[in-house]
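In our numbering, the protein residues as written are 356 to 679. We put the beta carbon where it would ideally sit given N, CA and C, even for glycine. Every value quoted in this text rests on a predicted model; they were computed, and no experiment measured them. One structure is given here, and the rest of the page talks about it.
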Ligand SMILES: Nc1ncnc2c1ncn2[C@@H]1O[C@H](COP(=O)(O)OP(=O)(O)OP(=O)(O)O)[C@@H](O)[C@H]1O
Ligand SMILES: [Mg+2]
């Protein structure tokens with residue numbers, strides 16, 4: 356079985372509806388929205404729920420931050436979006452304002468007890484954004500599912516029931532290549548790999564690519580790389596520029612043009628249980644996540660971004676928001 360194969364190949368497991376007619380979001384929370392994001396675009400014809408896994412076995416590279424905020428911007432632009440929390444840490448769940456201590460049905464019950472996802476899905480403060488929550492009980496799932504038939508397909512099968520209910524499903528994977536991540540990759544259409552702009556940024560990415568190849572060969576032949584998202588950038592350092600250039604050499608135009616800077620507002624937002632769009636909608640972090648969502652939707656970028664990331668970062672510094 357693939358799960359065994361991955362462990363045998365010495366992978367770093369420790370850190371590793373036609374969609375329903377879209378209801379355009381009329382968010383009461385945001386006073387302004389980028390109207391152009393709501394326009395139909397040929398790249399954004401969703402035949403059924405598109406499932407994107409945010410995956411990197413390395414910890415702390417902004418998988419959860421990116422999953423929450425991109426899911427929020429998809430929703431704010433009228434795409435019915437389900438954020439699926441596959442991590443026992445449940446940071447995506449709390450990050451959209453759900454108290455993880457008070458969840459009655461979670462992704463654990465879906466994967467382990469075959470309850471329908473509809474029984475566990477919860478609303479969030481953002482219209483069109485829903486969450487399939489997690490809590491600490493999910494820790495047991497990795498072990499409890501080991502001897503279960505079809506264990507890698509549990510999530511895929513479960514989501515088939517709601518395939519026509521949502522435009523997008525965004526999976527927040529844990530920092531390992533264990534069974535929960537494998538469930539995510541088996542169910543997903545594509546993967547977004549967040550990579551932190553730091554030393555050894557590409558360390559472990561080779562292993563992740565080999566895992567994706569194994570998944571394609573054994574479990575999900577259509578799994579594509581949606582994009583590589585550079586995160587936690589500090590444009591005052593040469594290191595950030597060097598890392599971005601190195602990652603672009605490896606992945607070419609798979610790397611999103613939008614690069615997410617390290618900002619205080621993005622650090623603070625989860626503590627308030629809010630996506631950045633609600634916590635600080637005019638912050639640089641908010642603009643960048645809105646922008647990368649445009650890329651995912653196949654929409655043109657704003658001219659400010661095309662002029663250069665350094666400009667944006669300098670502006671942010673002058674407002675005292677960037678983390679030193
Ligand atoms: N652009 C950013 N600017 C500042 N802080 C950030 C940014 N992105 C993420 N963070 C912070 O960095 C930490 C790690 O982010 P996050 O939890 O999203 O990473 P992760 O890859 O999901 O981690 P894990 O591997 O543990 O699941 C969090 O405290 C988060 O608030
Ligand atoms: Mg996380």
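As assigned by DSSP and simplified to three states, the class of residue i
i: residue 465; result: helix
i: residue 493; result: helix
i: residue 413; result: coil
i: residue 547; result: strand
i: residue 585; result: strand
i: residue 526; result: strand
i: residue 609; result: helix
i: residue 481; result: coil
i: residue 592; result: coil
i: residue 647; result: helix
i: residue 642; result: helix
i: residue 430; result: helix
i: residue 487; result: strand
i: residue 472; result: helix
i: residue 449; result: helix
i: residue 536; result: helix
i: residue 618; result: strand
i: residue 436; result: strand
i: residue 624; result: helix
i: residue 629; result: coil
i: residue 556; result: coil
i: residue 517; result: coil
i: residue 408; result: strand
i: residue 422; result: helix
i: residue 579; result: strand
i: residue 564; result: helix
i: residue 510; result: helix
Residue i beta carbon near ligand 1 (any heavy atom closer than 7 Å)
i: residue 443; result: no
i: residue 691; result: There is no way to answer for residue 691, as the model of the chain reaches only from 356 to 679.
i: residue 506; result: no
i: residue 622; result: yes
i: residue 530; result: yes
i: residue 615; result: yes
i: residue 415; result: yes
i: residue 625; result: yes
i: residue 640; result: yes
i: residue 563; result: no
i: residue 586; result: yes
i: residue 618; result: yes
Chain-order list of residues whose beta-carbon lies under 6 Å from that of residue i (same chain, five-residue window excluded)
i: residue 458; result: 488 and 490
i: residue 511; result: 541 and 542
i: residue 640; result: 618, 620, 621 and 631
i: residue 625; result: 450
i: residue 430; result: 436, 481, 483 and 484
i: residue 570; result: 540 and 578
i: residue 560; result: none
i: residue 634; result: 624 and 627
i: residue 598; result: 552 and 556
i: residue 611; result: 582, 584, 647 and 650
i: residue 474; result: 460
Any non-hydrogen atom of ligand 2 closer than 7 Å to residue i Cβ
i: residue 446; result: yes
i: residue 536; result: no
i: residue 608; result: no
i: residue 418; result: yes
i: residue 527; result: yes
Beta-carbon contacts of residue i that lie in its chain and below 7 Å, excluding the five residues immediately before and after
i: residue 524; result: 404, 406, 437, 439 and 514
i: residue 425; result: 525, 644, 647, 648 and 651
i: residue 472; result: 465, 487, 513, 514, 516 and 517
i: residue 577; result: 544
i: residue 521; result: 404, 435, 436 and 437
i: residue 492; result: 461 and 463
i: residue 297; result: No answer is possible for residue 297: it lies beyond the span of the chain, which begins at 356 and ends at 679.
i: residue 477; result: 453, 485, 486 and 488
i: residue 605; result: 557
i: residue 614; result: 585, 588, 599 and 664
i: residue 657; result: 646
i: residue 603; result: 610
Close beta carbons around residue i, own chain, < 8 Å, minus the five adjacent residues each side
i: residue 359; result: Confidence in residue 359 is poor, its pLDDT being 43 and thus under 50, which makes the residue's placement unreliable; the coordinate value appears in the next sentence. Counting only Cβ-Cβ distances below 8 Å, and skipping sequence neighbours, we find nothing.
i: residue 596; result: 590
i: residue 415; result: 530 and 551
i: residue 527; result: 409, 418, 419, 422, 423, 438, 439, 440, 441, 442, 446 and 447
Check: residue i C-beta below 7 Å from any heavy atom of ligand 4
i: residue 575; result: Questions concerning ligand 4 fall outside what the structure shown contains, since the ligands it does hold are ligand 1 and ligand 2.
**Request:** Tell me, please, whether the region 546-554 touches the region 415-434 by the rule of three or more beta-carbon pairs shorter than 8 Å.
**Result:** The region 546-554 makes contact with the region 415-434, as at least three CB pairs between them are under 8 Å.
**Meets three-Cβ-pair contact criterion under 8 Å: the region 586-597 and the region 565-573** = Of all C-beta pairs linking the region 586-597 to the region 565-573, fewer than three are shorter than 8 Å, placing the two stretches out of contact.
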